[in-house]
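*Asks:* Below is a structure I'd like to ask you about.
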Amino acid sequence: MSSVPSGWRGCLLVILAGFVLLFGLPQVVSLYGVVQMTVFVAMAVFALSQGFIWGFGGIMSFGQSAFFGLGGYVYAVSVINMGDSTIPVLLAIAVPAAFAALLGYFMFFGRISDAYVGVITLTVTIILFNVVNSTSGDFYTIGQAALGGFNGMPNVPPLNVPGYPDAAFGPIDTWYFAMGALILVYILLRGILASRFGRVVVAIRENETRVQLLGYDARVYKLLVFTIGGGVAGLGGCIFTNWGAFISPTIFGLASAAQVLIFVLVGGLGTLVGPVLGAFGIEYLISIIGTQQTLNANLVLGAVLVAFVLLVPQGLVPVVWSGIGRLLPRRFAGTGEQTAEAQS
Amino acid sequence: MALTGLLLFNTLTGIATLVLICLGLGIIYGMMKIINLAHGEFVMLGAYVTVFAANAGVNLWVAMLILAPVAVGLIGLVVERCFIRFLYGRIIDTMLASWGLSLAIIGIVTSLFGNTVRGISAPLGSFPIGHYRTSLYGVFIIAVAVLAVVGLYALLRMTRFGLVVRATMGNPRMAAALGVAPPRIYMATFALGAGFAGLAGGVLAPVSGVSPVMGAAFIARAFITVLGGGPAIITGTSIASALFGSIDEFATFLTTPVFGQVALLLAAIIMIRFLPQGITGRVFRRSL
Amino acid sequence: MKLPVPDATPLLEAKGATMRFGGVVAVNEVDFTLREMELRCLIGPNGAGKSTFFKMLTGQLKPSAGQIRLRGENVTGAEPHHIARRGVGIKTQVPNVFNGLSVYENVFVAAGRRKSRASAKRITEQTLERVRLTGITGRMVGQLAHGQRQWVEIATVLAQEPDLILLDEPAAGMTHDEVLRTAELIREINRAQALIVVEHDMQFIRMIATTVTVFNQGRILVEDHVDRVMANQAVRDVYLGKQAA
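Protein chains in written order, with this note's numbering: chain A, 19 to 362; chain B, 4 to 291; chain C, 1490 to 1734.
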């Protein structure tokens, strides 16, 4: 972590940039641009959940899309039934978090290896895909909400001012909600990492045996990290559903699961800014591919994944940062001593 | 009585299918301790080879039993040489790279052949169980699965290649002592695993819709079964296939195929809590 | 954590402790007792079962048979963190540290469990001073030399404030001056805490030990005063003799 700014200054800089984007974007780009950026932000929240559990917790979830999709579906089902969107948003965080806790219990208390965690989580999301895919027909309705099988759920009601179901959010309001949520999640995760809990989490990633020999129950820490990651991914899914007023089983699919790993890998493992920038960059790339016919999106994503694993496994942000660190005088890069003081 | 017979036959076919899908994955996992996430796409490629060869007039049996495994085995060889070999010792990175390959293969096949479902009709007709009729092709699948297991067992037990493979599984330095460099064994194993995936794709092509994304339908079950089976390739895969295949078929019989998979997943997740090393991590440890 | 326990109850007691790996018996029915505040040295040839015994005591391995008690409480097969919370700290044979964290953070994580932030900070600073690491608190542990990493690990164990400290080859890879400093530190630690030290360096053993336990082929061969152990013919045969040869 020495090559990445982890002190308060770097953190404040990121938050400042976030606020500039939050208020600045609607002033400078068209409505279409704002709507486009809203989905990037939903993906960035998703990327933060993966970046947090993988880059800091060392938990190799290959199926984070399970929680992302669950958040989206829980929001859609509950908002259709409740009308007011306040509780559905909270449920979209709480239900995936609870599901992550349950799954995490079996995985971490079973002490399975990283590779197993990856495969089990991946399997969970594939099976959720298959299950939701098969829920077409009247039999599969929850209250007034029809799950719709592979066609998904159209016309999901948008967010509204809490307590006033008729005061629905427009696209610009949704942007403020999405970007505000991204900034909030960033601050939350930064705070967790700066706490003593966060220090132990990173220590587990570094050396789980040592942490246990110091008297910490590593399983409980990993479980909590995984649960938080599940909640954050669920929030991302809720924003995603709001963006298009639509959700379909594709959200659980392999491409969705792979995409978020690519965000993190491209942006940089062990950073929080990296996954966010990775999400923006890759989503932009996909939107460009979508407008032409020659290159297939799967092919490009696959090639990017293979290329980064083989050639740039640490991701772009750490590489760029250490490049800057070499060019600038030392005081800008921040010495390790200061970092340790700032965090303690 | 006839219903029981039908259920039994379907369960056997289900287990045989699972064994076929899992063997290739299990070989690579047992040898190299990596999960090949492109496994589903290897199966898909095997199915494509079979469909195209059969449509081009090649004898169907030749296409599925010889062409598919050989072609996919060669693809596996190329993949191992170009990508996987740079990542040995980095388990997670190997899995990520194989996932990237999986996406890329789906992309390539979609670009070349379109995102459509193809099929070839199942040969052999049907036979009666009581007053039910069922596909004779199921008997063929069971036979191929049994032969594949026996063949792999013979290969590992009776050939020099098998000896070296077993030595490498136990201890990579042993293989070096036998005069064979572990990288060559890994290369051969990866190709062999890919070949078995191709065989599965070929044999299952007539009973499944052949499309670029068909791999996703197989891999969830295959992953669970191989992890549940544990480190012993043949024993683990067979026992886990029998266990999970039965659970799958039984739950499917009671509800729908989708909930068969859910039951499978739940059984597997509960199992890893108590047998984190898989079935053969605890019992039958010395088997193959 | 410290309960008033009558002196009769030993700090650590292993009874018939056995560890089998397949057909190999690495530790074979070992009976071992350690009093409060005792300093004990374990010696024995490579493969004698010393490190395996340590792993059993700290919960990293669950004994195949036998019992391990800490102050009378049965901790056989307990999780490592559970045993650590009962006041056992270990420096393992291979440096077991957090390479991606700074020296300060390594010690802070050890000091911080169930203590207020202020007292954790105080313990961290005191420990860093005690093992003379104050000059390099900001350095990443992964970038340090082997000897320094050993010190960092010893510092984390001390910051944990355990009642029993297990040191597996603490002087390995250290310079002569560092070895002297380690011996001095061990004697200093022993004023308040019990220790078991595994070491190969006989000069080092003589600097610190009174009672020595000799392991051979998974069993205890001899347990006696250091001078008598050194003079023992059986010990010379299995261990000292081999080293001279």
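All C-beta atoms, glycine included, are put in the ideal place defined by N, C-alpha and C. Since the model is a prediction, treat every value here as computed from it, not as a measurement.
Considering C/M1508, what are the terminal residues of the beta strand (DSSP E) in which it resides?
*Replies:* Its beta strand (DSSP E) spans residues L1501 to F1510.
*Asks:* Going by DSSP in three states, B/S129 sits in which element: helix, strand or coil?
*Replies:* Reduced to three states, the DSSP call for B/S129 is strand.
*Asks:* Less than 9 angstroms separating the beta-carbons of B/P294 and B/F55?
*Replies:* Chain B is shown only over 4 to 291; residue 294 of chain B falls outside these bounds and no answer can be derived.
*Asks:* Looking at the C-beta of A/F147, does it have a partner C-beta in chain B at a distance below 9 angstroms?
*Replies:* Closer than 9 angstroms: yes.
*Asks:* Beta carbon of B/V261, beta carbon of A/N169: below 9 angstroms?
*Replies:* Not in contact: B/V261 and A/N169 (Cβ atoms no closer than 9 angstroms).
*Asks:* By the three-class DSSP mapping on this structure, what secondary structure does A/S362 have?
*Replies:* Its pLDDT being 33, under 50, A/S362 is placed unreliably in this model, and the value from its coordinates should be taken loosely. Of the three classes helix, strand and coil, the one that applies to A/S362 here is coil, per DSSP.
*Asks:* Does A/I342 come within less than 9 angstroms of chain B when only Cβ atoms are used?
*Replies:* Closer than 9 angstroms: no.
*Asks:* Whose CA, out of C/A1672, C/M1691 and C/D1520, lies closest to the CA of C/L1684?
*Replies:* Closest option to C/L1684, Cα to Cα, is C/A1672.
*Asks:* Would you say C/V1592 and C/L1550 are within 9 angstroms of each other, going by their C-beta atoms?
*Replies:* No, these two residues do not count as a Cβ contact at 9 angstroms.
*Asks:* Near A/G198, which residues of its chain fall below 8 angstroms by C-beta distance, leaving aside the five closest residues on each side in sequence?
*Replies:* Hits under 8 angstroms: L40.
*Asks:* Excluding sequence positions up to five away, which residues of its chain have a Cβ less than 8 angstroms from the Cβ of A/W261?
*Replies:* Around A/W261: V53, T56, V57, A60, T192 and A196.
*Asks:* Report yes if the CB atom of B/G196 is closer than 9 angstroms to the CB atom of B/I31, and no otherwise.
*Replies:* Yes, the Cβ-Cβ distance between B/G196 and B/I31 is below 9 angstroms.
*Asks:* Are the stretch 1621-1637 of chain C and the stretch 1580-1594 of chain C in contact at 8 angstroms, needing three or more beta carbon pairs?
*Replies:* Touching, yes, given that three or more Cβ pairs across the two stretches are closer than 8 angstroms.
*Asks:* Is A/Y134 close to chain B? Criterion is C-beta to C-beta, closer than 9 angstroms.
*Replies:* Yes, its Cβ sits closer than 9 angstroms to a Cβ of chain B.
*Asks:* Name the residue from C/G1548, C/G1566, C/A1720 and C/E1658 whose alpha carbon lies nearest to the alpha carbon of C/V1577.
*Replies:* Closest by alpha carbon: C/G1548.
*Asks:* Considering only DSSP beta bridges, list what A/D102 is partnered with.
*Replies:* Note: A/D102 sits in no beta bridge, so no partner.
*Asks:* In its own chain, which residues sit with a C-beta less than 7 angstroms from the C-beta of B/M98, not counting the 5 before and 5 after it?
*Replies:* Excluding positions up to five away in sequence, the list reads I37, I38 and L40.
*Asks:* Measuring alpha carbon to alpha carbon, tell me which residue in A/V243, A/R344, A/G254 and A/V38 is nearest A/G87.
*Replies:* Considering only alpha carbons, the answer is A/G254.
*Asks:* Give me the Cβ distance between A/A297 and A/A35, rounded to the nearest whole Å; I'm assuming they're in contact under 8 angstroms.
*Replies:* Incorrect: roughly 15 angstroms between the Cβ atoms, too far for contact.
*Asks:* Does any residue of chain A bring its CB to less than 9 angstroms from the CB of C/F1587?
*Replies:* Yes - at least one Cβ of chain A is within 9 angstroms of the one on C/F1587.
*Asks:* According to a CB-to-CB cut-off of less than 8 angstroms, which residues of the stretch 93-122 of chain B neighbour chain A?
*Replies:* Residues passing the 8 angstroms Cβ filter: I94, I95, D96, M98, L99, A100, W102, G103, L104, S105, L106, A107, I108, I109, G110, I111, T113 and S114.
*Asks:* Can you check which of these residues, B/G239, B/M67 and B/F193, is closest to B/V210 by C-alpha distance?
*Replies:* The shortest C-alpha separation from B/V210 is found at B/M67.
*Asks:* Can you find the residues in the same chain that come closer than 6 angstroms, C-beta to C-beta, to A/V95, ignoring five residues on each side of it along the sequence?
*Replies:* I160 and A163, listed in sequence order.
*Asks:* Going along the chain, which residues of the stretch 229-240 of chain A sit with their C-beta nearer than 8 angstroms to a C-beta in chain C?
*Replies:* Cβ contacts with chain C come from V229, Q230, L231, L232, G233, Y234, D235 and A236.
*Asks:* Measure the Cβ-Cβ separation of C/F1521 and C/L1655 and say whether it is below 9 angstroms.
*Replies:* No; because the gap between Cβ atoms is not below 9 angstroms, this pair is not in contact.
*Asks:* Using 10 angstroms around the beta-carbon of A/E224, count the other beta-carbons present and answer buried if the total reaches 16, otherwise exposed.
*Replies:* Counting Cβ neighbours within 10 Å, A/E224 comes out buried, since at least 16 surround it.
*Asks:* Check the Cβ of B/T259 against every Cβ in chain A and list those closer than 9 angstroms, keeping chain order.
*Replies:* Result: S152.
*Asks:* Could you check what DSSP says for A/Q356 in three-state terms: helix, strand or coil?
*Replies:* Residue placement at A/Q356 cannot be trusted, given a pLDDT of 36 that sits under 50; the coordinates are not used to answer.
*Asks:* Look at the Cβ atom of C/N1595, then the Cβ atom of A/L231, and state whether they are nearer than 9 angstroms.
*Replies:* Against a cut-off of 9 angstroms, the Cβ pair of A/L231 and C/N1595 comes out as no contact.
*Asks:* Would A/N169 count as contacting chain B if we go by Cβ distances under 9 angstroms?
*Replies:* No, its Cβ sits nowhere closer than 9 angstroms to a Cβ of chain B.
*Asks:* So which residues on chain B does A/L319 lean against when the C-beta distance must stay under 7 angstroms?
*Replies:* L106, listed in chain order.
*Asks:* Should A/F64 be flagged as near chain B, meaning a C-beta pair shorter than 9 angstroms?
*Replies:* Not an interface residue.
*Asks:* Short check: CB of B/I95 to CB of B/E44, under 9 angstroms?
*Replies:* Result no, Cβ atoms of B/I95 and B/E44 do not sit closer than 9 angstroms.
*Asks:* Within this structure, are the beta carbons of A/T126 and A/L241 separated by less than 9 angstroms?
*Replies:* Sequence check: residue 126 of chain A is Phe here, not Thr. Result yes, Cβ atoms of A/F126 and A/L241 sit closer than 9 angstroms.
*Asks:* So what does A/V178 bridge to, in DSSP terms?
*Replies:* The amino acid occupying residue 178 of chain A in the given sequence is Asn; Val does not appear at that position. According to DSSP, which records beta bridges pairwise, A/N178 is partnered with A/A186.
*Asks:* Answer with buried or exposed for C/M1664, where buried requires no fewer than 16 other C-beta atoms within 10 angstroms of its C-beta.
*Replies:* According to the sequence as given, residue 1664 of chain C is Thr; it is not Met. C/T1664 comes out exposed.
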